[in-house]
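What follows is a short report on a single structure.
Numbering (my numbering), first residue to last: 44 to 170.
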């Protein structure tokens with residue numbers, strides 16, 4: 044065996060003989076291969092758990108719907124009624140806002156409506 048002098052190299056660089064370098068590379072490659080599948084399996088397990096939870100919830104609601112159909116219908120009607128009331132409130136609020144805008148800019152609206160209601164003189168003339 045011959046000794047090689049590594050004094051030329053920087054202090055920051057680690058230089059290994061070729062035999063040790065391949066062994067170090069082999070060990071790191073094995074470690075990387077072992078780490079990768081573990082991460083993937085964890086991710087897949089989490090996704091499966093989430094899917095199962097969603098499916099179980101759907102199944103429970105459908106069971107309730109079959110068992111207590113009357114209460115289910117009543118609750119559904121209450122929800123629909125509330126939605127209608129909210130939409131009516133929104134439209135009434137919008138109407139109030141429109142009235143306010145019309146009052147503020149009445150002169151502008153009067154000009155627009157006056158122009159649109161004027162008959163075209165060219166079309167009315169008949170010879």
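Using N, Cα and C, we set each Cβ at its ideal position, and we do this for glycine too.
If I measure Cβ to Cβ from residue i and keep anything under 6 angstroms in the same chain, skipping five residues before and after, which residues do I get?
{"i": "residue 151", "result": "none"}
What residues in its chain sit with their C-beta under 8 angstroms from that of residue i, if we drop five residues either side in the sequence?
{"i": "residue 127", "result": "none"}
{"i": "residue 122", "result": "none"}
{"i": "residue 154", "result": "none"}
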